[in-house]
Amino acid sequence: MDNEIRFPVDEMPKQWYNILPDLPKHLPSPKVPEELREKVKSVEKVFVKANLEQDNSQERYVRVPEEVMDLYKQVGRPMPLRRARHLEKYLKTPARMYFKREDLTPTGSFKINTAIPQAYYATKEGFIGAATGTGAGQWGSAMALAAAMYGLDCVVFMTREAYEWKKDRRALMEMTGAKLYSSPSNITRAGRLAVKQPHAYTMCEEPMEYAIDHEGYCFPQGSFYNFVCLHQTIIGQEVQKQLELVDEKPDMMIGCVGSGSNLPGFINPFMREVINGKLRCKFLAVESEASGSFTKGEYRYEYRNPNYPPLYKVYTAGLEIEASRPFVYAEGLVGTAKNPALSLLVNEGLVDATAYPSDEKTIFEAGKIFWRNEGILAAPESCYAIRAAIDEAIKCKGSGEEKVIVTCISGHGFLDMPGYIAKAL
Ligand SMILES: *Cc1c(COP(=O)(O)O)cnc(C)c1O
12 MDNEIRFPVD EMPKQWYNIL PDLPKHLPSP KVPEELREKV KSVEKVFVKA
62 NLEQDNSQER YVRVPEEVMD LYKQVGRPMP LRRARHLEKY LKTPARMYFK
112 REDLTPTGSF KINTAIPQAY YATKEGFIGA ATGTGAGQWG SAMALAAAMY
162 GLDCVVFMTR EAYEWKKDRR ALMEMTGAKL YSSPSNITRA GRLAVKQPHA
212 YTMCEEPMEY AIDHEGYCFP QGSFYNFVCL HQTIIGQEVQ KQLELVDEKP
262 DMMIGCVGSG SNLPGFINPF MREVINGKLR CKFLAVESEA SGSFTKGEYR
312 YEYRNPNYPP LYKVYTAGLE IEASRPFVYA EGLVGTAKNP ALSLLVNEGL
362 VDATAYPSDE KTIFEAGKIF WRNEGILAAP ESCYAIRAAI DEAIKCKGSG
412 EEKVIVTCIS GHGFLDMPGY IAKAL
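Under my numbering, the first residue of the sequence shown is numbered 12, with each subsequent residue one higher.
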């Protein structure tokens with residue numbers, strides 16, 4: 012009985028899967044307001060062209076470049092899938108629970124899966140540096156490491172709250188040679204303005220401005236964009252192979268949602284089968300009430316980046332919420348605008364959503380149960396997905412259903428002990 016399901020490295024999926032051509036409806040086009048027409052050019056200049064093309068491509072499969080493949084292997088791919096037999100026993104559930112282990116990467120989260128190709132394409136297109144923003148720090152550390160591997164300079168704006176309490180994350184980034192700023196900082200106009208008017212602030216504005224103002228700098232993205240989800244489908248395609256190996260089909264797939272890249276990366280290859288009528292499976296997006304986009308928000312046009320075009324049709328609870336929300340340890344889940352394709356799938360009823368309270372007590376309780384039974388210390392963000400998986404498994408106990416529940420562990424929690432100490436001890 013093998014609880015850790017693996018396959019040989021040379022059987023890694025060699026392409027990314029793009030959901031855009033398979034969506035049940037055409038994805039609404041981004042909008043540019045008349046007064047911001049001129050600004051589009053400066054925005055496009057700091058995006059890597061290959062990524063912009065991927066962002067609204069209708070090509071179903073995109074080959075993973077050889078060099079990216081080699082680095083995927085170097086960071087430990089393929090990642091194992093865990094059958095959580097100890098947890099099942101502890102819960103006394105008839106459900107069969109599987110967990111995809113994105114906690115095993117060098118920077119401790121799935122973000123490296125897109126950081127590597129973004130650094131690869133940026134270098135190929137002649138960029139010399141990258142400016143980016145990070146909240147929790149997982150994206151910042153992934154991008155900083157990928158940039159270092161490619162010899163790109165890297166500047167990271169880290170939201171002030173996280174900058175203050177996540178000193179270890181900061182050190183990880185600084186050791187790669189990245190330059191870090193607590194954001195809002197005083198080195199950009201947006202930052203200086205945000206110090207005076209905190210309500211106007213979002214994390215993406217400073218790196219955007221920095222990249223526009225510095226020749227040769229690009230502005231890589233940790234989530235939200237369709238091209239990021241494309242890169243992340245390496246996760247779901249590996250899970251497909253792993254479930255085939257144990258002759259299982261998922262009844263339900265669960266993941267947490269920040270701006271929406273790890274969940275699409277995990278479920279989109281399965282979504283294709285559902286859309287084609289080849290699989291019956293429910294998908295569950297788990298968010299924090301601090302963001303609440305799917306559960307309290309609207310499906311409408313919203314900026315990814317205030318003051319910068321375009322606007323995207325997405326689920327959002329309004330950008331203002333980001334300035335007024337309560338503190339949560341799962342910083343990775345606080346972005347309010349969600350990936351456009353995932354938003355469409357939620358609106359079409361193909362993905363369900365649920366939210367957990369921002370006091371995070373039940374979240375860290377789930378994390379503690381998982382640690383104790385499986386020996387995996389999950390990131391606070393991942394604990395939202397684990398909480399939902401446990402709750403579903405408990406429902407199966409009532410109904411006697413032997414559901415196959417597959418959940419993505421988006422990252423590890425070794426640098427998030429303050430959250431566990433505050434909430435789970
Ligand atoms: C970034 C992050 C998330 C949120 O992911 P999205 O792809 O933005 O939805 C969740 N968990 C961890 C560990 C993260 O680093």
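Ideal placement from N, C-alpha and C gives every residue a C-beta, glycine not left out. Predicted model, so just to flag it, every value in this text is computed and none were measured.
- In the DSSP assignment, M169 is bridged to T145 and S193.
- Residues of the same chain with a CB within less than 6 Å of the CB of P41, apart from the 5 flanking positions on each side, are P321 and Y323 in chain order.
- Under the three-state reduction of DSSP, N316 is assigned to strand.
- Annotated three-state conformation of E359 is coil, per DSSP.
- Secondary structure remark: continuous beta strand (DSSP E) runs of at least 3 residues inside the segment 343-395, in chain order: 363-367.
- Under the 10 Å beta carbon count, P368 is surrounded by fewer than 16 other beta carbons and is classified as exposed.
- By a beta-carbon distance limit of 8 Å, L241 contacts Q65. Their separation comes to about 5 Å.
- E226 carries a coil assignment under DSSP once its states are collapsed to helix, strand and coil.
- Of the other Cβ atoms in all chains shown, fewer than 16 fall within 10 Å of the Cβ of S335; this residue is therefore exposed.
- Per DSSP, I397 has no beta-bridge partner at all.
- With respect to the C-alpha of N14, the residue from V59, H97, E220 and V43 having the closest C-alpha is H97.
- Across the structure, E55 and P91 are spaced so that their CA atoms are roughly 37 Å apart.
- Counted as a single uninterrupted DSSP element, the alpha helix (DSSP H) harbouring L241 occupies residues N237 to L256.
- Under the Cβ criterion (8 Å, minimum of three pairs), the segment 97-107 does not count as touching the segment 167-181.
- Within the same chain, and ignoring the five residues on either side of T418 in sequence, the residues whose Cβ sits closer than 8 Å to its Cβ are M108, Y109, F110, K111, M264, I265, G266, A396, I397, A399 and A400.
- In the DSSP assignment, T327 forms a beta bridge with E309.
- Approximately 7 Å separates the beta-carbon atoms of S302 and G346; this is inside 8 Å, confirming the contact.
- Per DSSP, the continuous beta strand (DSSP E) segment holding V73 begins and ends at Y72 to R74.
- Here the C-alpha atom of V167 lies approximately 44 Å from the C-alpha atom of G288.
- By the neighbour-count criterion, in which a residue is buried when 16 or more other Cβ atoms sit within 10 angstroms of its Cβ, L344 is buried.
- Classified as exposed, A433 has fewer than 16 neighbouring CB atoms from the shown chains inside 10 Å of its CB.
- Residue state for D179 is assigned as helix, using DSSP reduced to three classes.
- Looking at the DSSP output, F294 sits in a beta bridge with M264.
- Inclusion of F294 and D363 in the CB contact set at 8 Å is warranted, their separation being smaller than that value.
- Here the alpha carbon of L63 sits roughly 31 Å from the alpha carbon of A366.
- Ranked by how close their Cα comes to the Cα of N318, the residues A142, E113, G269 and S53 have S53 in first place.
- Residue range K50 to K56 is occupied by the alpha helix (DSSP H) that includes V51.
- Here the distance from the Cβ of G343 to the nearest heavy atom of ligand 1 is below 7 Å.
- Spatial neighbours of V239 in its own chain (CB-CB distance under 6 Å, excluding positions within 5 residues in sequence) are listed in chain order as T125, Q232 and S272.
- In this structure, C215 has its CB at a distance of at least 7 Å from all heavy atoms of ligand 1.
- Taking 8 Å as the cut-off, the Cβ atoms of Y28 and Y72 count as close.
- At least one heavy atom of ligand 1 lies closer than 7 Å to the C-beta of V268.
- Straight across, the Cα-Cα distance linking R203 with I380 is about 44 Å.
- Buried is the label assigned to I123, since at least 16 other Cβ atoms lie within 10 Å of its Cβ.
- For Y132, the uninterrupted alpha helix (DSSP H) segment begins and ends at I123 to K135.
- In terms of Cα proximity to G329, the closest of K100, R311, A377 and P44 is R311.
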